[in-house]
Every structure is written in C-alpha cells, then in structure tokens.
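Colleague:
2 protein chains.
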Amino acid sequence: MSEGFLPPVEDRPAVTVDVVIFSLVEDDLKVLLVQRDRQPFLGQWGIPGGFVYRHEALESAAARKLDDETGVKNVYLEQLYTFGSPNRDPRSRVITVAYFALLPYAAIRELDEARASWFPLNALPPLAFDHEEIVQYALTRLRYKLEYTTVGFRLLPDLFTLSELQKAYEIILDERLDKRNFRRKILAAEILQETGQMKRDGEGRPAKLYGYRDDAITEIKTRRLFP
Amino acid sequence: MSEGFLPPVEDRPAVTVDVVIFSLVEDDLKVLLVQRDRQPFLGQWGIPGGFVYRHEALESAAARKLDDETGVKNVYLEQLYTFGSPNRDPRSRVITVAYFALLPYAAIRELDEARASWFPLNALPPLAFDHEEIVQYALTRLRYKLEYTTVGFRLLPDLFTLSELQKAYEIILDERLDKRNFRRKILAAEILQETGQMKRDGEGRPAKLYGYRDDAITEIKTRRLFP
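Quick note, the sequences are listed as chains A and B, same order. The numbering used here applies: residue 1 is where the first sequence begins, and numbers increase by one. The numbering used here applies: residue 1 is where the second sequence begins, and numbers increase by one.
1. Let me know the secondary structure DSSP gives ILE95(B) once reduced to three states.
2. Do you know whose CA, among PHE100(B), LEU124(B), GLU175(B), lies nearest LYS65(B)'s CA?
3. Please say whether PHE51(A) and LEU102(A) have beta carbons closer to each other than 7 Å?
4. Going by DSSP in three states, GLU10(B) sits in which element: helix, strand or coil?
5. CB-CB under 8 Å to ALA207(B), same chain, minus the five flanking residues each way: which ones, in chain order?
6. At what residues does the alpha helix (DSSP H) containing ARG64(B) begin and finish?
7. So with CB distances below 7 Å, who are the chain A contacts of ASP11(B)?
8. Please tell me whether THR82(B) has its Cβ less than 7 Å away from any Cβ of chain C.
9. At a Cβ threshold of 7 Å, is PRO262(A) touching chain B?
10. Run through chain B and tell me which residues come within less than 9 Å of VAL31(A), C-beta to C-beta.
11. Using DSSP bridges, identify the partner residues of ASP18(B).
12. Tell me the rounded alpha-carbon separation between ALA168(A) and ARG183(B).
13. With DSSP run on the structure shown, which of helix, strand or coil describes GLU194(A)?
14. Does the region 29-49 of chain A come close enough to the region 78-85 of chain A to have 3 or more Cβ pairs within less than 8 Å?
15. Got a sec? Which residues, its chain only, sit under 6 Å from LEU29(B) by beta carbon, not counting five neighbours each side?
16. Counting Cβ pairs, one atom from each stretch, are 3 or more of them under 8 Å apart for the region 120-136 of chain B and the region 134-141 of chain A?
17. Should THR222(B) be labelled buried (16 or more other beta-carbon atoms within 10 Å of its own) or exposed?
18. Kindly say whether ALA57(A), judged by its beta-carbon, lies nearer than 7 Å to any beta-carbon of chain B.
19. Report yes if the C-beta distance between VAL19(A) and PRO48(A) is below 7 Å; otherwise report no.
20. Name the two residues that bound the continuous alpha helix (DSSP H) containing ALA116(B).
21. Less than 7 Å between the C-beta atoms of GLY71(A) and LEU127(A), yes or no?
22. Sort out for me which residues DSSP pairs GLY211(B) with in a bridge.
23. Taking 7 Å as the CB-CB cut-off, is SER117(B) touching chain A?
24. Note the first and the last residue of the continuous beta strand (DSSP E) segment covering GLN35(B).
25. Is the Cβ of SER60(A) closer than 7 Å to any Cβ of chain B?
26. Closest to GLU59(A) by CA distance: which of ALA57(B), GLY84(B), ASP67(B), PHE41(B) is it?
27. For MET1(B), collect the residues of the same chain with a Cβ closer than 6 Å to its Cβ; drop the 5 residues on either side in sequence, then sort them by chain order.
28. Does the beta carbon of PRO7(A) come closer than 7 Å to any beta carbon on chain B?
29. Out of curiosity, what's the CA-to-CA distance linking THR149(B) and ARG205(A)?
30. Can you tell me where the alpha helix (DSSP H) with GLU147(B) in it begins and where it stops?
31. Taking only the alpha-carbon atoms, compute the straight-line gap between ARG54(A) and TYR210(A) and give it to the nearest angstrom.
32. Give the range of the beta strand (DSSP E) segment to which LEU80(B) is assigned.
33. Counting only beta-carbon separations shorter than 7 Å, does VAL97(B) have a partner in chain A?
34. Any residues in the region 15-27 of chain A with a beta carbon nearer than 8 Å to a beta carbon of chain B? Which ones, in chain order?
35. Return the CA-CA distance between PRO267(A) and ASP11(B), expressed in angstroms with no decimal places.
36. Name, in chain order, the residues that DSSP records as bridge partners for VAL25(A).
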C-alpha cells in the first residue's frame with residue numbers, strides 16, 4: 001500500500017462505536033448490556049454499539065447509540081480508547097472506537113427489557129467480542145477520573161448529602177473511605193456548594209443538601225483526592 | 001445500514017495512524033514533522049502517519065511509523081485519541097488513530113533531512129489535515145501526564161541532575177518552577193534514586209546524578225506534583 005494513496009476498499013476495515021454506559025443503580029455500579037440477536041455471538045450480551053454512518057462524526061454515532069438504548073441525550077460521553085486487534089471480530093476487520101457514558105439512573109426511560117439490562121460490574125455475564133476488556137478499561141478510567149476530576153458526579157442526582165456522595169465514591173472505587181477524611185478533602189476541593197436545603201439522611205439528624213458549584217472546574221486542581 | 005451486518009465496502013472509511021513524536025532538543029520541546037510529497041496538502045508539514053495494514057494491530061502500525069521516521073524502537077508510545085470528522089480528509093472518509101511517543105533525543109538516528117525535521121511547539125508551520133489539533137491535544141496530554149505520572153522522564157537520558165529534571169519540567173510545562181518546592185515534591189514522590197555519581201552542573205558545585213527507581217510506579221501515587 002503506497003503511502004499517501006488511499007488503500008483499496010477491500011482493504012478497509014469496518015468501523016464501529018461501542019458505548020460503555022455506567023449508572024448507579026440501587027447501591028451498585030452497573031453497566032448497560034444488550035443481548036445480541038444475530039451472529040456472531042448470537043444470544044450473548046455485549047455493550048451497545050454499531051457501525052458509524054458514512055457521513056457521521058464518531059461522537060455523533062456514540063450519542064446516537066446511547067439515545068437508542070436509553071432515550072437519554074446530553075449526558076457525559078467521553079471517548080475511551082480505540083480497539084483494533086485484527087481478529088477481534090470473526091467476520092472481518094472491525095475497528096471499534098469505544099466511548100463511556102455516565103448517567104444518573106433517574107434520567108433513564110424504561111429499557112426494552114427483552115434485549116437490554118443493567119448488570120453489576122462484579123457479576124457480568126460472558127461478553128461478546130472483546131467487550132469484557134472494553135468494560136474493564138472503562139471501569140479503570142472511571143475510577144481514575146473519580147479521583148482527579150468531578151465527572152463522577154454525573155452519576156448522582158443534582159442534590160445530594162455528603163453521605164450520599166461518599167457512598168457513591170465507595171461503590172465506584174469498591175473500597176471504604178474514612179468519613180472525616182472524605183468530608184475534609186471533598187470540601188477542600190471547592191467543588192460543592194450548600195443549597196440551604198436539608199434532608200433526613202436515614203435515621204440520623206437532617207443533613208445538608210449540596211450541589212455542584214456553578215463555577216466548579218471539571219478537573220480537581222488541588223490534588224488527588226483519594227486515598 | 002443494518003445493525004449487526006457489515007456495511008458494504010464502499011461505505012467503509014480508510015483508517016490511518018498518526019504519531020506525534022516529542023523530544024527535548026536543545027532546551028526546546030520539539031515535535032517531528034514530515035513534509036508531504038503528494039496531494040493533498042502537497043509540500044505542507046504534518047505528523048508522520050499512514051494507513052493501517054489489513055492484518056496489522058493499530059499499535060504495531062504506530063510503532064512501524066515511528067521506526068520508519070526515527071529508527072527508534074521500544075520507546076514510550078501511547079494511544080492518544082481517534083479523530084474522525086467526516087471531512088477531515090478531502091479525498092474520502094479517513095479516520096485516524098493518533099498516538100504520541102516520547103523519546104530521548106540521544107536515541108534518534110540522523111533524520112532524512114530532505115523530508116523530516118524537528119519543530120519547536122511554539123513555532124509550528126501550518127500543518128496538513130487536522131494535525132494542528134492533534135499536536136495540541138498531544139501537548140495537553142503530555143503536560144497532564146507529566147504532573148500525574150513519570151512518563152515525562154522518557155524524554156530524559158537515563159541519568160540526570162535535579163536541575164536537569166527541573167529544566168525539563170519547565171520546558172514542557174512552559175512555566176518556571178520554584179527550585180526548593182520542585183526538589184521537595186519530586187523527592188517525596190519516591191520515584192528517583194541516587195546513583196552515587198556526581199556531575200558538574202554548569203559552574204556550580206558538582207550535583208548528584210539521579211536515575212529512576214527500578215520499582216518506580218508509573219503513576220505518581222501521592223498527589224498531583226505541580227503546581
């Protein structure tokens with residue numbers, strides 16, 4: 001293949017997008033999977049995805065797949081990594097640009113339960129293609145981002161108590177965090193603001209409801225928050 | 001296009017890899033550019049790249065391009081981002097998986113100067129395609145990684161004084177760092193080891209030569225180092 005010339009069409013790969021969609025569902029970090037209704041991997045679960053249209057931007061294709069599956073638009077969507085092992089699809093060379101999306105569970109319309117379902121990260125079924133690797137890669141990225149940025153908050157409702165926020169961190173990181181330490185660090189990061197509202201948190205005293213600061217920067221500037 | 005079926009070949013994009021190659025050259029952070037010898041963008045400079053062979057992994061294609069241009073193998077190579085705007089190439093749909101590479105200048109063989117040259121980041125010529133965007137994206141990633149990881153060290157020789165290390169950080173971040181603060185933080189990160197050797201650093205007293213700790217973790221665990 002001569003550099004600078006386009007390769008013949010029969011040498012071109014197909015290109016897909018796949019979207020790892022995370023949400024916090026009933027105290028579990030879950031990922032949305034769809035059951036394949038055709039070969040290859042008929043009947044197996046996988047992350048939602050599909051071919052990129054000829055005149056479609058990659059991000060638009062990912063947003064389209066996300067909307068198809070959840071009815072949700074305008075949520076946090078980030079390009080994750082491009083997976084292109086020559087034999088990852090038994091049919092032909094297929095390169096996939098993987099994205100990950102974070103959405104609050106309340107934003108999601110009812111799923112088409114005949115084909116889509118939420119699975120906890122620690123109880124995934126066998127996945128089609130290299131989707132297991134893609135999901136694990138996305139989980140690593142999510143945990144990393146949670147410690148350096150505010151994107152993890154996209155999984156939460158607009159208002160939350162510090163206990164709820166800590167619990168979300170603990171679920172995603174899969175580790176217990178010290179309460180006093182968590183509060184000190186998260187408040188020092190200057191990304192939260194009090195709303196003046198209170199919420200009865202379990203059986204204890206009413207707790208302050210927080211939201212994000214309007215001017216909160218995406219990247220936590222001070223330092224790595226945890227551990 | 002029916003989901004699950006492969007799209008017809010005439011709908012498939014061509015896929016390239018492009019590699020942003022950084023090195024520290026004479027107190028400047030520079031990027032390796034090649035001059036295009038054919039259309040489109042004939043005569044303009046761009047980052048090295050080319051089509052992915054039919055049975056070639058993406059990372060192998062990037063390593064091949066890097067070797068073609070510099071004669072260097074086994075250096076730090078990381079997938080950066082996939083750029084796929086439908087009209088980024090005037091010929092046809094071309095999606096490019098961009099990588100960035102860091103290499104110590106001493107490792108590079110002589111360039112083919114008729115077509116390749118090092119350019120300082122602050123004095124780039126007009127670039128072909130969307131390569132300006134790709135280079136800026138790579139620079140942002142490099143600066144970010146320098147603050148959170150040890151990958152920046154790949155730009156340095158195996159042994160260096162703390163002054164040399166600080167200078168490298170200053171060049172890449174494009175800002176002055178406080179000497180005392182830099183030394184305290186970089187030593188606290190537990191990624192350096194003394195070698196027992198000394199080097200006369202400019203006109204001052206001999207300075208200790210450091211190397212990386214063999215057990216140094218890639219990710220700086222403690223906290224963001226700078227500012």
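C-beta: ideal position from N, C-alpha, C; glycine also.
Modeller: So, from the data block:
1. Here residue 95(B) refers to the residue found at position 95 of the second sequence. Strand.
2. Your numbering for residue 65(B) matches position 65 in the second sequence. Of the candidates PHE100(B), LEU124(B), GLU175(B), the one whose C-alpha sits nearest the C-alpha of LYS65(B) is PHE100(B).
3. Reading the first sequence from its first residue, position 102 is the one you call residue 102(A). Reading the first sequence from its first residue, position 51 is the one you call residue 51(A). No, the Cβ-Cβ distance between LEU102(A) and PHE51(A) is not below 7 Å.
4. In the second sequence, residue 10(B) corresponds to position 10, counting from 1. Here GLU10(B) sits in helix by DSSP.
5. Against the second sequence, residue 207(B) aligns to sequence position 207. Hits under 8 Å: THR161, LEU162, SER163, MET198, LYS199, ARG200, ASP201.
6. Position 64 of the second sequence, counting from 1, holds the residue named residue 64(B). That run of the alpha helix (DSSP H) goes 58-70.
7. In the second sequence, residue 11(B) corresponds to position 11, counting from 1. Here the neighbours are ARG54.
8. Here the protein chains are A and B, and chain C is not one of them.
9. Missing from the structure shown is residue 262(A); chain A here goes from 1 to 227 and no further.
10. For the purposes of this step, residue 31(A) is identified with residue 31 of the first sequence, where counting begins at 1. Near VAL31(A) there are no residues of chain B at all, since even the closest Cβ is about 20 Å away, more than 9 Å.
11. Position 18 of the second sequence, counting from 1, holds the residue named residue 18(B). Bridge partners of ASP18(B): GLY49(B), ALA98(B).
12. Your numbering for residue 168(A) matches position 168 in the first sequence. Your numbering for residue 183(B) matches position 183 in the second sequence. When rounded, the distance between both Cα atoms is 36 Å.
13. Against the first sequence, residue 194(A) aligns to sequence position 194. Here GLU194(A) sits in strand by DSSP.
14. no
15. Within the second sequence, residue 29(B) is the residue found at index 29, counting from 1. Around LEU29(B): LEU121, ILE171, ILE172.
16. no
17. Translated into the one-based positions of the second sequence, residue 222(B) becomes position 222. At THR222(B) the pLDDT is 41, less than 50, meaning the model places this residue with poor confidence; the figure from the coordinates comes in the next sentence. By the neighbour-count rule (16 or more Cβ atoms within 10 Å), THR222(B) is not buried but exposed.
18. Walking along the first sequence from the start, residue 57(A) turns up at place 57. Yes, ALA57(A) lies at the interface with chain B (some Cβ there is under 7 Å from its Cβ).
19. What you label residue 19(A) is simply residue 19 of the first sequence in a count that begins at 1. What you label residue 48(A) is simply residue 48 of the first sequence in a count that begins at 1. Yes.
20. Within the second sequence, residue 116(B) is the residue found at index 116, counting from 1. Run containing ALA116(B): none in the alpha helix (DSSP H); it sits in the beta strand (DSSP E), 116-120.
21. Position 71 of the first sequence, counted from the start, is the residue given in the question as residue 71(A). Position 127 of the first sequence, counted from the start, is the residue given in the question as residue 127(A). It is not a contact, given that the beta carbons lie outside the stated cut-off.
22. Here the question's residue 211(B) lines up with position 211 in the second sequence. Its beta-bridge partners are GLN193(B).
23. Counting from 1 along the second sequence, the entry for residue 117(B) is found at position 117. So, not an interface residue.
24. Stepping through the second sequence from its first residue, residue 35(B) is reached at position 35. Note, GLN35(B): beta strand (DSSP E), 28-35.
25. Here residue 60(A) is taken as the residue at index 60 of the first sequence, counted from 1. No, its Cβ sits nowhere closer than 7 Å to a Cβ of chain B.
26. Here residue 59(A) refers to the residue found at position 59 of the first sequence. The residue with the shortest Cα to Cα distance from GLU59(A) is GLY84(B).
27. Taking the first residue of the second sequence as 1, we reach residue 1(B) at position 1. With a pLDDT of 33 at MET1(B), under the threshold of 50, the modelled position of that residue is not reliable, and the figure given next carries that caveat. Contacts found: PRO7.
28. Counted from its first residue, the first sequence places residue 7(A) at position 7. Judged by the 7 Å Cβ criterion, PRO7(A) is in contact with chain B.
29. The residue given as residue 149(B) occupies position 149 in the second sequence. The residue given as residue 205(A) occupies position 205 in the first sequence. Taking the straight line joining both Cα atoms gives about 42 Å.
30. Against the second sequence, residue 147(B) aligns to sequence position 147. Where GLU147(B) is concerned, the enclosing alpha helix (DSSP H) stretches over 131-148.
31. The count along the first sequence starts at 1 and reaches residue 54(A) at position 54. The count along the first sequence starts at 1 and reaches residue 210(A) at position 210. Cα to Cα, ARG54(A) sits roughly 44 Å from TYR210(A).
32. Here residue 80(B) refers to the residue found at position 80 of the second sequence. Unbroken beta strand (DSSP E) run through LEU80(B): 76-83.
33. Mapped onto the second sequence, residue 97(B) falls at position 97. Yes, because at least one Cβ of chain A sits closer than 7 Å to the Cβ of VAL97(B).
34. VAL15
35. Residue 267(A) cannot be examined here, being either before or after the span of chain A that is shown, 1 to 227.
36. On the first sequence, position 25 is the one that residue 25(A) refers to. In DSSP, VAL25(A) forms a bridge with ASP28(A).
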